[in-house]
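Residue numbers (our numbering), protein chains in the order written: chain A, 1 to 252; chain B, 1 to 572; chain C, 1 to 243.
Backbone N, C-alpha and C fix where the C-beta goes; we use that ideal spot for every residue, glycine too.
As the structure is a computational prediction, the values presented were derived from the model and not from experiment.
Please read the structure below before turning to the comments.
What follows is the structure in structure tokens.
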């Protein structure tokens, strides 16, 4: 009886426990399908919170699913045994309400600490950039020599954002038409770009290299192709690039 | 309430424009199962593109020459597919299945009433659904196709779209009125038409869930309807509710001024977050109904289950802006909505523990409805736990609008709602049609659905963590997603198998309707009132209005020979 | 007697139909006159901005040297003005049927080829994507049916038609904001676009008096009226200035 039960139903129920490993077996070997490398000052803190939630939820997941399986085997129908007659247990219910409550409140405080840092008042900026989204491109504007926007020496690019490493960057996000979202996975950073609003966000990169900006809010048929290119480089290389862009822009 | 006369109605009155709640429930069932199938087909096309981006699916050129020229899908068609998949599934499959089918079929039967309080309103509420479906789906045949701005229809994008989007807006307004009519009816019926002895705390959990769902519907749906009307005005008459000054769309400066794009999101989510609970509470009710029957044990913590549902309903109105952590609203709002969202996790946790408590020391029978109900608990746990990632606003800064969210919502709406629906259909099928579903086919369908559902949806979490945005037609161009093709193909294969497995269900459903074993009054030996009448119940439901003597979950009462004690039977 | 009447009726019907059929081809008749022209720009030519091809690496890879925008105006050293669309505005009878041979609009190197072109109403327009990147073809006519289609895959072709004459229909690619093209839709074959030398030539005109219109995207339109005889070739001069 027990054997028949196991052969029949256990495989179906544990299929979802196997699913993750099944998933990894299918993905191309060697390539890590997981969090991309974090390259902003806040990325490690967000990742830490992510892992805290992952551990907490995994523990609950294993406990709940394990209990479910154990109960299904242990209390399966057997001839001659009657179910117990119980409408509940007040004390148990209080306990299993309080424990998650305490954990969730603690998590809320942990989250708030990082939230106020990421989305609170920005620290003083070393460089300001204006990013104007449109269907389907990112228009980047640097203030240029005079440090003021909308003057003759502004440097304009399409989809090419270069940022100096280890500097605090203040980005002014604007949209010409519909809502877009400025998403750089490596920065652990996403901010919707809303027409009629200028959103000010700050970040500071900790590793140089080539990254990509994705649009993360559906903006029409070219949404998937609304891809920008982000280069994080040394301040010297950045200054040189900016000068070169300015020269190209005024070449004719 | 006037018991209807016993003269038999004509065909049209009996099967088409019927005011009998049971016929209306079955009309909802057939319509929404059809739409479920249609929504599933749209999902298959989405999975085709995501599994094999840009590969030709030759036969589709005949069906959609504009959307798939040469069988190669174009991005606007992809946008339309996921928009319509979401809209069809939410508005025409999940909500009508849970609320329309079970609300109509079960409420009068389970409270011992002859019919709904307003049978004619009930009929109108059903017939508005096909009208709404027709309006929304007209978009498929118009220039530019059906709606393509996501099921969330964010302004201003949705105001720049073609006629298909207008069809969507009007159709959803019509559907909203249908929901409101249904909800008013449910509330009135439950308050006024309960059989003698059926106190509020003797109501079965499914009725509690449907009752609270109806209250949410009445409070939230008018907000959506008004928002949709404003959106319609913005799209057609040049008003500026959601459109700010200075928008330059496609090189043309727009004449609007004074609107707020985020207002749409606030209004939309003020409805749509409670709508998530409209889509899960009835499923919770079904699980709470099915599990005690097959564990042969009273529901653990009946009262706390009721309070948990109410808490979810109230808190459900206070968490809407957790969909907007990245939207650019004031970060201080982010803090408060993060906190309220953490709180709403609690009642769901309580319910889960209560279901486990019901199994504890039970005598569990793994019938098809029970398997689906258990899968509901198991999958809903995953859906709920992954919600905590999104509730932590800073983690959501990263995970928002990625496949993590897509996975989360599918674990709630497929793993939760749909397994609940399958549990409900397989549980009440004998009552609806007087015949039993085939158990073997039912179990095969269940096992395949569970396995392949996880095969499609679980990898979504991993893709989301890897940073794959949702609603992306071709992810392969992004460097950080260059290596996720294998995973996506595995998901697509699972999706096709998942779709194929539903054919087993369809076959079982229609075959058993005519060829299944005769069910009898009470095949599951259950306590609630619907099992105290014939299967299917006659017009007017009960020969004599039953009197209720105790709660709905008196199983394995000590000192009795039988392990069940129907609500209408006195204990002694 | 009845039968005779019936036969007569049928006979008359046949004659009428036959006459109708016989009349049709007359509209196809073409002439042998030619109008040539040279178009110049006077004043300081606007500067052509370099295109920011680095917005999309697929575009940049296809160009080794900077590409100058064609949008403002392409003016030669002597003021020769390219991309002027010249057509017979009035005086020409509409063609009975549109050619079945398609006009091709190619997207190659993130660039529309040609930038300005003419097409007859109901003549097929074949839009081709020769780039391994997404282009969307956003056509914004006012009297014809607008369309906005995407071509995500290299080698994709879409055939469209404009049913009514319209001067001009603008094409845009929203993924590459610098890409634009213009089509002049007319209902006869008498049109041309000026080349790098600022020259154009309209051939096959029947004898008659015509009003010619020249259109430039930055400098507006101009008209000239002239009369040609069969076999004659007339030279016209056009001069545009900044508005």
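Q. For residue 146 of chain C and chain E, any beta-carbon pair shorter than 8 Å?
A. You won't find chain E in this structure, because its protein chains are A, B and C.
Q. Given a threshold of 16 other Cβ atoms within 10 Å of its Cβ, counted over all protein chains shown, does residue 403 of chain B qualify as buried or as exposed?
A. In the second chain, counting from the first residue as 1, residue 403 of chain B sits at position 403. Answer is buried; the Cβ neighbour count reaches 16.
Q | Straight-line gap, residue 162 of chain C to residue 175 of chain A (C-alpha atoms, nearest Å) | A | Counted from its first residue, the third chain places residue 162 of chain C at position 162. Counted from its first residue, the first chain places residue 175 of chain A at position 175. Each residue's Cα considered, the two are about 33 Å apart.
(Q) Whole angstroms are fine: how far does the CA of residue 151 of chain B sit from the CA of residue 76 of chain B? (A) In the second chain, counting from the first residue as 1, residue 76 of chain B sits at position 76. In the second chain, counting from the first residue as 1, residue 151 of chain B sits at position 151. Near 14 Å, if we compare the C-alpha coordinates of residue 151 of chain B and residue 76 of chain B.
Q. So what does residue 128 of chain A bridge to, in DSSP terms?
A. The residue given as residue 128 of chain A occupies position 128 in the first chain. DSSP, once it has assigned bridges, lists A/170 as partnering residue 128 of chain A.
Q) What is the rounded straight-line gap between the Cα of residue 117 of chain B and the Cα of residue 292 of chain B? A) Mapped onto the second chain, residue 117 of chain B falls at position 117. Mapped onto the second chain, residue 292 of chain B falls at position 292. Answer to the nearest angstrom: the Cα atoms are 29 Å apart.
Q.
Does the CB of residue 438 of chain B have a neighbour CB from chain A at under 8 Å?
A. Numbered from 1 along the second chain, position 438 holds the residue referred to as residue 438 of chain B. It does not; no Cβ of chain A falls within 8 Å.
Q. Can you list, in chain order, the stretches of the alpha helix (DSSP H) that have 4 or more residues and sit fully within the stretch 66-142 of chain A?
A. 90-119
Q | Which listed residue (B/379, B/508, B/58) has its alpha carbon closest to that of residue 516 of chain B | A | Translated into positions along the second chain, residue 516 of chain B becomes position 516. If we check each option's Cα against that of residue 516 of chain B, B/508 comes out closest.
(Q) I need the straight-line Cα distance from residue 218 of chain A to residue 250 of chain A, nearest angstrom please. (A) By one-based count along the first chain, residue 218 of chain A stands at place 218. By one-based count along the first chain, residue 250 of chain A stands at place 250. Their Cα atoms are separated by approximately 35 Å.
Q: At 8 Å on the CB atoms, spell out the chain C contacts of residue 222 of chain A, in chain order.
A: Here residue 222 of chain A corresponds to residue number 222 of the first chain, with the count starting at 1. Under the 8 Å cutoff, chain C gives 134, 136, 150, 174, 175.
Q.
Can you give me the C-alpha to C-alpha distance between residue 82 of chain B and residue 221 of chain A, rounded to a whole angstrom?
A. The sequence position of residue 82 of chain B within the second chain is 82, counting from 1. The sequence position of residue 221 of chain A within the first chain is 221, counting from 1. Going by the C-alpha atoms only, they are around 13 Å apart.
(Q) Under 8 Å, with one C-beta from each stretch per pair, do the stretch 308-325 of chain B and the stretch 359-379 of chain B reach the 3-pair mark? (A) no
Q: Decide if residue 123 of chain C is buried, meaning its Cβ has at least 16 other Cβ atoms within 10 Å, or exposed.
A: Reading the third chain from its first residue, position 123 is the one you call residue 123 of chain C. With 16 or more Cβ atoms within 10 Å of its Cβ, residue 123 of chain C is classed as buried.
Q) Which partner residues of residue 138 of chain C appear in the DSSP bridge assignment? A) One-based indexing of the third chain puts residue 138 of chain C at position 138. In DSSP, residue 138 of chain C forms a bridge with C/148, C/172.
Q) At least one CB of chain A closer than 8 Å to the CB of residue 72 of chain C: is that the case? A) Translated into positions along the third chain, residue 72 of chain C becomes position 72. No - not a single Cβ of chain A is within 8 Å of the one on residue 72 of chain C.
Q: Starting from the C-beta of residue 58 of chain C, find all residues in its chain whose C-beta is less than 7 Å away, skip the five residues before and the five after it, and write them out in chain order.
A: Locating residue 58 of chain C in the third chain gives position 58, counting from the first residue. Answer for residue 58 of chain C: 131, 132, 133, listed in chain order.
(Q) Going by DSSP in three states, residue 254 of chain B sits in which element: helix, strand or coil? (A) Residue 254 of chain B sits at position 254 when you count from the first residue of the second chain. Reduced to three states, the DSSP call for residue 254 of chain B is coil.
Q) So what's residue 207 of chain C in DSSP terms, helix, strand or just coil? A) The residue given as residue 207 of chain C occupies position 207 in the third chain. Looking at residue 207 of chain C - three-state DSSP - the assignment turns out to be coil, as it is neither helix nor strand.
Q.
Quick check: residue 85 of chain A and residue 363 of chain B, are their CB atoms within less than 8 Å of each other?
A. For the purposes of this step, residue 85 of chain A is identified with residue 85 of the first chain, where counting begins at 1. For the purposes of this step, residue 363 of chain B is identified with residue 363 of the second chain, where counting begins at 1. No, these two residues do not count as a Cβ contact at 8 Å.
Q. Is there a Cβ from chain A that is less than 8 Å from the Cβ of residue 334 of chain B?
A. To locate residue 334 of chain B, count along the second chain from 1; it is residue 334. So yes, residue 334 of chain B belongs to the interface.
(Q) Tell me whether the stretch 202-216 of chain C and the stretch 144-151 of chain C touch, counting them as touching only if at least three CB pairs, one residue from each stretch, are closer than 8 Å. (A) no
Q) The beta strand (DSSP E) spanning residue 15 of chain B covers which residue range? A) Residue numbering aside, residue 15 of chain B sits at position 15 when the second chain is read from its first letter. Residue 15 of chain B -> no beta strand (DSSP E), and no H or E assigned at all.
Q) Which term fits residue 19 of chain C, buried or exposed, when burial requires 16 or more other beta carbons within 10 angstroms of its beta carbon? A) In the third chain, the residue the question calls residue 19 of chain C occupies position 19. Its pLDDT being 45, under 50, residue 19 of chain C is placed unreliably in this model, and the value from its coordinates should be taken loosely. Label assigned to residue 19 of chain C: exposed.
Q | Between the CA atoms of residue 272 of chain B and residue 166 of chain B - distance to the nearest angstrom | A | On the second chain, position 166 is the one that residue 166 of chain B refers to. On the second chain, position 272 is the one that residue 272 of chain B refers to. If you take the alpha carbons of residue 166 of chain B and residue 272 of chain B, they lie about 19 Å apart.
Q) So, do the stretch 430-448 of chain B and the stretch 153-160 of chain A have three or more beta carbon pairs nearer to each other than 8 Å? A) no
Q. How many Å lie between residue 178 of chain A and residue 320 of chain B at the Cα?
A. Counting from one through the first chain, the residue named residue 178 of chain A turns up at place 178. Counting from one through the second chain, the residue named residue 320 of chain B turns up at place 320. When rounded, the distance between both Cα atoms is 22 Å.
Q: Report the option in C/53, C/126, C/224 whose CA atom is closest to the CA atom of residue 68 of chain C.
A: For the purposes of this step, residue 68 of chain C is taken as residue 68 along the third chain, with counting starting at 1. The candidate whose alpha carbon is nearest that of residue 68 of chain C is C/53.
Q: Give, in chain order, every residue of the stretch 142-164 of chain A whose Cβ lies closer than 7 Å to some Cβ of chain C.
A: 157, 158, 159, 160
**Q.** Test item: CB-CB of residue 424 of chain B and residue 536 of chain B under 8 Å
**A.** Numbered from its first residue, the second chain carries residue 424 of chain B at position 424. Numbered from its first residue, the second chain carries residue 536 of chain B at position 536. Against a cut-off of 8 Å, the Cβ pair of residue 536 of chain B and residue 424 of chain B comes out as no contact.
Q | 8 Å Cβ cutoff met for residue 87 of chain C and residue 182 of chain C | A | Start at 1 with the first residue of the third chain, and residue 87 of chain C comes out as number 87. Start at 1 with the first residue of the third chain, and residue 182 of chain C comes out as number 182. No, the pair does not count as a contact, with Cβ atoms beyond the cut-off.
Q) Between which two residues does the alpha helix (DSSP H) containing residue 273 of chain B stretch? A) Taking the second chain and counting its residues from 1, one reaches residue 273 of chain B at position 273. Note, residue 273 of chain B: alpha helix (DSSP H), 261-278.
Q. Between residue 480 of chain B and residue 36 of chain A, which are expected to be in contact by the criterion C-beta below 8 Å, what is the C-beta distance as a whole number of angstroms?
A. Along the second chain, read from residue 1 onward, the residue named residue 480 of chain B stands at position 480. Along the first chain, read from residue 1 onward, the residue named residue 36 of chain A stands at position 36. Going by Cβ atoms, the distance from residue 480 of chain B to residue 36 of chain A rounds to 5 Å, so yes, they are a contact pair.
Q) Counting along the chain, where does the beta strand (DSSP E) carrying residue 230 of chain A start and finish? A) As a first step, residue 230 of chain A is located in the first chain; it is residue number 230 there, counting from the start. Looking at the DSSP string, the run of the beta strand (DSSP E) that includes residue 230 of chain A is 227-233.
Q: Evaluate residue 565 of chain B with the Cβ neighbour count: other Cβ atoms within 10 Å of its Cβ, from every protein chain shown; 16 or more gives buried, anything less gives exposed.
A: Here residue 565 of chain B refers to the residue found at position 565 of the second chain. Result: buried.
Q) For residue 38 of chain B, which residues of its own chain have a beta-carbon under 7 Å away from its beta-carbon, when the five flanking residues on both sides are left out? A) As a working mapping, residue 38 of chain B is identified with position 38 in the second chain. Around residue 38 of chain B: 88.
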